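S.K.: In the working numbering, the protein residues as written are 5 to 242.
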């Protein structure tokens with residue numbers, strides 16, 4: 005049986021983190037598959053640390069805020085050192101559906117993919133959260149650039165809902181982008197020859213807090229992601 009861990013990066017998620025953990029625990033109690041989980045408290049300045057400690061939630065606390073890339077890489081390092089076969093990146097803000105994890109795992113368990121990405125854009129479900137129009141336009145443009153760079157179509161380029169096998173756990177624990185980690189790490193994996201499959205996944209709007217990405221930041225993000233993808237060198241290949 006595969007040993008599976010959910011890596012949950014969290015920055016100032018005092019309103020949502022405990023709800024997220026309770027959903028995972030409830031699922032574990034009802035499911036035949038048990039998911040271990042680890043919260044990476046990325047230098048939160050609110051009550052996130054106190055909530056995690058008081059409720060006995062397994063977590064690692066980073067003294068300084070490293071950003072999503074540094075937090076997730078910390079989780080990959082933990083997964084590698086503790087001999088996990090599969091790691092799943094799972095948001096702490098309530099956006100990801102724990103019931104969808106099994107669908108991300110299946111191709112990896114069946115060895116038809118090394119990495120899976122939970123996608124909001126494969127099935128056209130009306131109640132599936134897809135973010136703002138501007139961000140969706142940016143995602144489409146980033147998707148086009150990734151295809152030009154790798155010959156592979158990835159629709160949900162910024163999805164942080166993803167699962168990887170042991171080989172990618174090892175790779176990402178050594179080299180993971182600190183900026184724009186989701187699209188850039190996808191390009192890294194594709195250029196190294198790893199098999200990536202997008203899987204339809206249910207997503208929700210945030211259950212609390214506010215997103216740090218404003219309309220202006222969306223434009224800035226899109227431009228910098230595209231430039232970063234275009235300058236990725238073949239040194240990332242095997």
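For each residue, glycine too, the CB sits at the ideal point set by N, CA and C.
As the structure is a computational prediction, the values presented were derived from the model and not from experiment.
Counting C-beta neighbours from all protein chains within 10 Å, is the total for residue 120 16 or more, i.e. buried, or is it exposed?
M.R.: As a first step, residue 120 must be located in the chain shown, where it is residue number 116. Classification of residue 120: buried, given that the 10 Å Cβ count is 16 or more.
S.K.: State buried or exposed for residue 226, treating a residue as buried only when at least 16 other CB atoms are found within 10 Å of its CB.
M.R.: Along the chain shown, one-based indexing puts residue 226 at 222. Answer is buried; the Cβ neighbour count reaches 16.
S.K.: Note down, in chain order, each residue of its chain lying with its Cβ closer than 7 angstroms to the Cβ of residue 50, except the 5 sequence neighbours on either side.
M.R.: Your numbering for residue 50 matches position 46 in the chain shown. Here the set comprises 16, 18.
S.K.: Excluding five sequence neighbours on each side, which residues of the same chain lie with their C-beta closer than 6 angstroms to the C-beta of residue 214?
M.R.: For the purposes of this step, residue 214 is taken as the residue at position 210 of the chain shown. Here residue 214 scores only 49 on pLDDT, less than 50, and its place in the model should not be relied on; the value that follows carries that caveat. Result list for residue 214: empty, nothing under 6 angstroms.
S.K.: Could you pull the DSSP bridge partners for residue 2 from this structure?
M.R.: The requested residue 2 is not part of the displayed model; the chain covers only 5 to 242.
S.K.: Closest to residue 155 by C-alpha separation, out of 191, 79, 122, 221, would be which residue?
M.R.: Counting from one through the chain shown, the residue named residue 155 turns up at place 151. Comparing Cα positions, the closest option is 191.
S.K.: Taking the alpha carbon of residue 124 as the reference point, which residue from 25, 162, 184 has its own alpha carbon closest?
M.R.: Taking the first residue of the chain shown as 1, we reach residue 124 at position 120. Of the listed residues, the one whose Cα sits closest to residue 124 is 162.
S.K.: Can you name the start and end residues of the beta strand (DSSP E) that residue 201 belongs to?
M.R.: Taking the chain shown and counting its residues from 1, the one referred to as residue 201 is at position 197. Start and end: 200 to 204.
S.K.: Go through the region 34 to 103 residue by residue and report every complete run of the beta strand (DSSP E) that reaches 3 residues or more, in order.
M.R.: The region 34 to 103 contains these whole beta strand (DSSP E) runs: 40 to 46, 63 to 66, 90 to 93.
S.K.: Between 38, 76, 22, which has its C-alpha nearest residue 254's C-alpha?
M.R.: Within the shown structure, residues of the chain are numbered from 5 to 242, placing residue 254 beyond reach of any answer.
S.K.: Could you tell me the boundaries of the alpha helix (DSSP H) in which residue 9 lies?
M.R.: In the chain shown, the residue the question calls residue 9 occupies position 5. Segment 8 to 14 is the beta strand (DSSP E) holding residue 9; no alpha helix (DSSP H) there.
S.K.: Using a 10 Å radius around the Cβ and a threshold of 16 neighbouring Cβ atoms, would you call residue 33 buried or exposed?
M.R.: Sequence index remark: in the chain shown, residue 33 carries index 29 (1-based). That one is exposed.
S.K.: Let me know the secondary structure DSSP gives residue 5 once reduced to three states.
M.R.: The residue labelled residue 5 in the question sits at position 1 within the chain shown. In this structure, residue 5 counts as coil in the three-state DSSP scheme.
S.K.: Kindly list the residues whose CB is nearer than 6 angstroms to the CB of residue 181, restricted to its own chain and excluding five residues on each side of it in sequence; keep chain order.
M.R.: The residue you call residue 181 lines up with position 177 of the chain shown. Result list for residue 181: 73, 188, 189, in chain order.
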